Each structure stands twice: as structure tokens, then as C-alpha cells.
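K.L.:
Take the sequence shown: its letters are residues 20 to 337, numbered as in this note's numbering. Mind having a look at this structure? Questions to follow.
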Amino acid sequence: MSKASMTPAEALPATQSPKSRRWIEFKKNKYLFFLTIPTILCLALFYYLPMYGLVISFQEYKPFLGITGSEWVGFAQFERFFNYAFFWRILKNTILLSIYSLIWGFPAPIILALLLNEVRNQKFKKLVQTVSYMPHFYSTVVVCGMVTMFLAPTGGLLTRGLAVLGINHNFLADARWFRTLYIGSSIWQSCGWGTIIYLAALTNVDPQLYEAAYVDGATRWNCLWHITLPSIAPTIITMLILNIGSMINIGFERAFLLQTPATYETSEIISTYVYKAGIQNNSFSYGSAVGMFNSVVSLILVVSANKISAKVSETSLW
């Protein structure tokens with residue numbers, strides 16, 4: 020092997036200790052290491068350091084006493100949540116909304132990316148991409164405001180259109196329609212932006228595979244099923260694991276903005292309950308305990324999904 024083809028680690032003398040090798044590697048790539056310092060500081064300050072505050076989940080926290088002076092109560096806050104009269108309803112709503120969002124929301128950008136990949140008219144393709152990306156730049160408050168305005172019982176654009184067809188219904192006050200509105204508005208807002216990752220993965224598919232398949236008499240459907248999907252399968256699996264990890268951590272904003280007292284039966288989820296119990300009622304320890312329970316379940320889901328994926332498809336995050 021020539022010196023030019025050797026990696027920096029292989030080029031180092033074999034007699035040097037691992038510690039010396041690491042130091043030489045650091046000196047050679049010190050500027051790259053320095054570039055990671057802002058990211059490490061950001062993670063430490065805004066992600067890991069605040070985790071110390073989770074200790075209040077096991078206390079009866081009093082702001083004027085602080086964390087060190089508040090009474091330690093162990094798992095009392097968790098027991099309070101588990102014994103709450105509507106615990107199972109909140110957990111059921113959270114899980115169902117998470118599963119439905121995954122079933123309908125996860126495939127949407129994949130399907131759109133596959134459809135765009137088949138478009139040969141570049142101008143039309145760029146137009147569709149631009150139009151589908153735009154909702155991503157709207158805030159959740161704006162999107163929920165649009166849904167509320169369009170479906171307002173009096174004067175709503177969609178409400179008036181449906182009234183012409185003989186359909187008179189207040190969708191915003193119907194608990195049965197909350198999940199549909201939540202998932203539909205989420206897909207509309209994020210679907211176009213989510214296609215970016217899959218379109219990037221599709222550009223790495225070797226065109227010669229399609230040419231060989233067409234020579235053998237394959238149709239577009241055959242190419243899609245046997246070439247395109249297997250080629251982007253690692254990307255799909257990685258995104259699926261990440262989505263499963265955040266599955267139960269449903270966004271607070273959309274649920275809180277779309278819910279009404281009439282829809283609490285299906286709209287009250289863990290994140291909205293944490294806000295009401297912890298912030299509005301000034302029960303910080305209780306709210307922290309409920310949020311911690313939510314995070315632990317999410318951690319279990321992502322670890323389980325990663326292990327299953329590693330065994331089934333040999334693709335995993337770690």
C-alpha cells in the first residue's frame with residue numbers, strides 16, 4: 020500500500036501508544052474539532068444541563084424554596100397521575116393520535132416524492148415542489164387559525180361550501196372530527212417539506228438500473244417496486260425510527276389550538292394536560308412528572324424500534 024493511499028491512522032508509527040496516536044490525530048484535525056465546540060456547548064447548555072430540573076418530579080416543588088429546599092415525595096406525583104380519573108382517556112387519546120399520525124402522516128411525503136420523481140416536465144415538477152413546500156413556513160398558529168376560519172360555524176369558507184351541498188355540521192365542536200382535522204392539517208403543513216429527504220435519496224439511485232430493467236421488459240411499476248423502494252429503504256427505515264421515537268411526543272401547539280371544551284373527549288392529550296396541570300394550576304412538580312413519564316415512554320419506543328429494525332433489516336441508528 021502506498022503512503023498516498025494510507026489513512027492518517029495507518030500512516031502513524033506502529034510503536035506509538037494509542038494516547039499518542041489520538042493526540043497526533045487531534046493536532047492534525049484540530050480545526051475540525053474546534054468547529055464542533057458551538058454544537059457541544061449548545062447541547063450541554065440547552066439539552067443536558069436543564070435535565071437537572073427533572074428532580075422536581077420527585078418533590079413537592081415550591082418556587083420560593085428552590086430545588087434544594089423543596090420536600091422530597093418520591094413517586095407520589097406519578098401515582099397522582101396514574102390515579103387521575105381521566106388518565107386512561109388521556110393516554111388513549113395520545114396513543115391513538117400518535118398511531119394515526121404515523122399511519123397517515125409518515126407515508127405521505129414518501130408517496131409525494133415518488134410521484135414527483137416520475138414527473139418528466141421539470142417546470143411542473145418545480146411548481147408542485149414550491150407549492151407543497153410553502154405551508155412548512157407557516158407557523159402552527161397560522162395553520163390552526165386557517166382551519167378555524169375555514170370551518171367556522173358561521174361564515175367559514177368550507178362551511179358555506181358544504182352547506183350548498185346540504186351538509187350542515189360544526190366540525191370544530193365535534194369530538195369525532197378532531198383527529199381528522201389534526202392529522203389533515205399536519206400533513207398539509209409538513210408533507211411537502213418532508214419530501215426533500217426522500218427526493219435527495221432518489222437522486223442516488225443509479226439510472227443504469229432503470230435502463231437495464233426497461234431492456235428486460237419491466238414496467239414503471241416494476242421499477243418502482245423492485246428498484247426505487249429498495250434503494251431508498253435505509254432512508255425510510257431511519258426516518259421511521261425517528262418518527263416512532265417522537266410518536267408519543269405529539270406537538271402541544273396544534274392540539275391546544277384546535278381543541279374546544281366540546282372535543283376534550285378526543286383532544287385532551289398528555290402535552291395539553293401538562294400545560295393545564297403544571298402551568299395553569301402552578302403544580303410544577305406534577306406537570307414535570309407527567310412530562311417525564313411521556314419522555315420515558317418515547318425513549319422505550321425509539322430503543323425498541325431501533326432494535327427491531329437492526330434485527331429485521333440490518334439498518335439502525337446505532
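Every residue gets a Cβ at the ideal spot worked out from N, C-alpha and C, and that includes glycine. Being a predicted model, the structure only gives us computed values, none of them experimental.
(1) In this structure, does DSSP put Gln78 in helix, strand or coil?
(2) In the structure shown, what three-state DSSP assignment does Glu287 receive?
(3) Evaluate Phe312 with the Cβ neighbour count: other Cβ atoms within 10 Å of its Cβ, from every protein chain shown; 16 or more gives buried, anything less gives exposed.
(4) Look at the Cβ atom of Ser204, then the Cβ atom of Arg273, and state whether they are nearer than 8 Å.
(5) Starting from Asn241, follow the alpha helix (DSSP H) in both directions and report where the run begins and ends.
(6) Taking Cβ positions, are Ile263 and Ala324 nearer each other than 8 Å?
(7) Kindly confirm or deny that the stretch 38-56 and the stretch 68-84 touch, where touching means at least three C-beta pairs closer than 8 Å.
(8) Does the beta-carbon distance from Leu116 to Ile288 come in below 8 Å?
(9) Which residue wins for smallest C-alpha separation from Thr113, given the options Thr87, Ile86 and Val309?
(10) Would you tell me roughly how many angstroms separate the C-alpha atoms of Ser158 and Ala237, rounded to the nearest one?
(11) Where do the N-terminal and C-terminal ends of the alpha helix (DSSP H) with Val309 fall, by residue?
(12) Across which residues does DSSP place Trp91 in a beta bridge pair?
(13) Cβ of Ala274 less than 8 Å from any chain B Cβ?
(14) Check for me: the alpha helix (DSSP H) holding Asn262 runs from which residue to which?
(15) With DSSP run on the structure shown, which of helix, strand or coil describes Tyr157?
(16) Are there 16 or more other CB atoms within 10 angstroms of the CB of Ile206, so buried, or fewer, so exposed?
(17) Measuring CA to CA, which of Tyr152, Ser314 and Leu84 is closest to Leu73?
(18) Enumerate in chain order the residues of its own chain whose CB-to-CB distance from Ala23 is below 7 Å, with the five nearest sequence positions on each side excluded.
(19) Should Met168 go down as buried or exposed, given a rule of 16 or more other Cβ atoms within 10 Å for buried?
(20) Within 10 angstroms of its Cβ, does Lys38 collect 16 or more other Cβ (buried), or is it exposed?
(21) Using CA atoms only, rank isn't needed, just tell me which of Ile246, Leu146 and Lys144 is closest to Ala231.
(22) Touching or not, the stretch 122-133 and the stretch 213-223, by the rule of three or more beta carbon pairs under 8 Å?
(23) Rounded to the nearest angstrom, what separates Ile89 and Ile327 at their Cα positions?
(24) If you drop the 5 nearest sequence neighbours on each side, which residues of the same chain put their C-beta closer than 7 Å to that of Phe303?
(25) Mapping DSSP to helix, strand and coil, what is Arg139?
(26) CA-CA distance, Val339 and Leu261?
(27) Evaluate Val162 with the Cβ neighbour count: other Cβ atoms within 10 Å of its Cβ, from every protein chain shown; 16 or more gives buried, anything less gives exposed.
P.N.:
On the basis of the coordinates in this document:
(1) strand
(2) coil
(3) buried
(4) yes
(5) Arg239 to Cys242
(6) yes
(7) no
(8) yes
(9) Val309
(10) 44 Å
(11) Phe303 to Val331
(12) Gln78
(13) Looking for chain B here will not work: only one protein chain is present.
(14) Leu248 to Gly264
(15) coil
(16) buried
(17) Ser314
(18) The predicted model places Ala23 with a pLDDT of 47, which falls under 50 and marks its position as unreliable; any figure quoted below should be read in that light. Answer for Ala23: no residue qualifies.
(19) exposed
(20) exposed
(21) Ile246
(22) yes
(23) First, the amino acid is wrong: residue 89 is Ser here, not Ile. The alpha-carbon atoms of Ser89 and Ile327 are separated by roughly 42 Å.
(24) Ile75, Tyr80 and Gly297
(25) coil
(26) Absent from the structure is residue 339, since the part of the chain shown begins at 20 and ends at 337.
(27) buried
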